[in-house]
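Shown next, in structure tokens, is the structure this report addresses.
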Amino acid sequence: EERGERREERGDGGSVVLLYTRFFEFQVERVVEIFRRVLAGVPEARLLVVGKGLFGEEERLLALAEEADLAQRVIYAGWVEPEELPGVFAAADVAICPYDDTLVNRARCAVKLVDLMAAGLPIVADDVGQNGEYIEHGVSGLLIEPGDVEAFAAGVVRLLRDKELRGQLGREARRRVGGMFAWQRLVTEVERAYGWKGEGGEET
Numbered sequence: 002e003e004r005g006e007r008r009e010e011r012g013d014g015g016s017v018v019l020l021y022t023r024f025f026e027f028q029v030e031r032v033v034e035i036f037r038r039v040l041a042g043v044p045e046a047r048l049l050v051v052g053k054g055l056f057g058e059e060e061r062l063l064a065l066a067e068e069a070d071l072a073q074r075v076i077y078a079g080w081v082e083p084e085e086l087p088g089v090f091a092a093a094d095v096a097i098c099p100y101d102d103t104l105v106n107r108a109r110c111a112v113k114l115v116d117l118m119a120a121g122l123p124i125v126a127d128d129v130g131q132n133g134e135y136i137e138h139g140v141s142g143l144l145i146e147p148g149d150v151e152a153f154a155a156g157v158v159r160l161l162r163d164k165e166l167r168g169q170l171g172r173e174a175r176r177r178v179g180g181m182f183a184w185q186r187l188v189t190e191v192e193r194a195y196g197w198k199g200e201g202g203e204e205t
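With this note's numbering as the guide, the letters of the sequence shown map in order to residues 2 to 205.
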């Protein structure tokens, strides 16, 4: 299995939780608290942080992890080039997408969420903005009531403990975004929106 092979290459048999972000979406304190609770249920878990903030938010996260005595369980990969992302994604067991319930997040296009789903990763995300349009709870991921740190951590622990469920959600996530973004589907939606005619002269 590719994910297992990637972990073996790293020499790490523990569970890996991926945070792929630019740090716009959440307060870093909340991420540290979520991960602290995850470790209470899955002590061997590691948090793999991929991305870089505009204002040094990653440094704040690492400092808070140090204060909480979690630093040895956090791997900061920094900015990763797009062509290298598939290998990084393959090293993870679960991805998290924490979103604070703000007006900006409600309107934000969830590009990174789509990337993770396309990679077949099982995801735990706050039910904010477009997240609920892409993820069907319990089918293609887990959606959490915004701000509920305990429930978010419990969702991550649940997936880390259930390999079969991870596989099911990951496969459905990939299938779902594949269907949503297939070129033919996009063409059909554009034609419908503009009332263009098909070959038979009928409106599509």
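The beta carbon of each residue, even a glycine, is placed where N, CA and C say it ideally should be. All of these numbers come straight from a predicted model, not from anything done at the bench.
- Message: For a quick check, are the C-beta atoms of Val32 and Leu62 less than 9 Å apart?
- Response: What you label residue 32 is simply residue 31 of the sequence shown in a count that begins at 1. What you label residue 62 is simply residue 61 of the sequence shown in a count that begins at 1. It is a contact, given that the beta carbons lie within the stated cut-off.
- Message: For Asp128, which residues in the same chain have their Cβ closer than 7 Å to its Cβ, ignoring the five residues on either side in sequence?
- Response: Counting from 1 along the sequence shown, the entry for residue 128 is found at position 127. Same-chain partners within the cutoff: Leu144, Ile145, Glu146, Pro147.
- Would Pro99 be called buried (16 or more neighbouring beta carbons within 10 Å of its own) or exposed? As a first step, residue 99 is located in the sequence shown; it is residue number 98 there, counting from the start. It counts as buried.
- Task: In the DSSP assignment, find the beta strand (DSSP E) that holds Gly88 and state where it starts and stops.
- Result: Locating residue 88 in the sequence shown gives position 87, where the first residue counts as 1. Not the beta strand (DSSP E): Gly88 falls in the alpha helix (DSSP H), residues 86–91.
- CB of Val75 within 9 Å of CB of Val50, strictly: Counting from 1 along the sequence shown, the entry for residue 75 is found at position 74. Counting from 1 along the sequence shown, the entry for residue 50 is found at position 49. In this structure, Val50 lies closer than 9 Å to Val75 by Cβ.
- Message: Let me confirm a value: Leu55 is counted as buried when at least 16 other C-beta atoms fall within 10 Å, else exposed. Which label applies?
- Response: Indexing the sequence shown from 1 puts residue 55 at position 54. Classification for Leu55: exposed.
- Cβ neighbours of Arg167 in the same chain (closer than 6 Å, five flanking residues each side left out): For this step, residue 167 is matched to residue 166 along the sequence shown. Cβ neighbours of Arg167 beyond the five flanking positions: Pro123, Leu160.
- If you draw a straight line from the alpha carbon of Gly42 to that of Ala69, how long is it in whole angstroms? For the purposes of this step, residue 42 is taken as the residue at position 41 of the sequence shown. For the purposes of this step, residue 69 is taken as the residue at position 68 of the sequence shown. So the alpha carbons of these two residues sit roughly 16 Å apart.
- Message: Threshold first: 4 residues or longer. Then list the alpha helix (DSSP H) segments lying entirely within the segment 44–119, N to C.
- Response: The DSSP assignment places 58–68, 86–91, 104–108, 112–119 as complete runs of the alpha helix (DSSP H) inside the segment 44–119, in order along the chain (cut-off: 4 residues).
- Task: Kindly identify the DSSP beta-bridge partner or partners of Gly142.
- Result: For the purposes of this step, residue 142 is identified with residue 141 of the sequence shown, where counting begins at 1. His138, per the DSSP bridge assignment.
- Could you check if Gly179 is buried or exposed, using at least 16 other CB atoms within 10 Å of its CB as the buried criterion? For this step, residue 179 is matched to residue 178 along the sequence shown. With fewer than 16 Cβ atoms within 10 Å of its Cβ, Gly179 is classed as exposed.
- Query: Nearest-angstrom Cα distance between Glu134 and Tyr21?
  - Reply: The sequence position of residue 134 within the sequence shown is 133, counting from 1. The sequence position of residue 21 within the sequence shown is 20, counting from 1. Cα to Cα, Glu134 sits roughly 19 Å from Tyr21.
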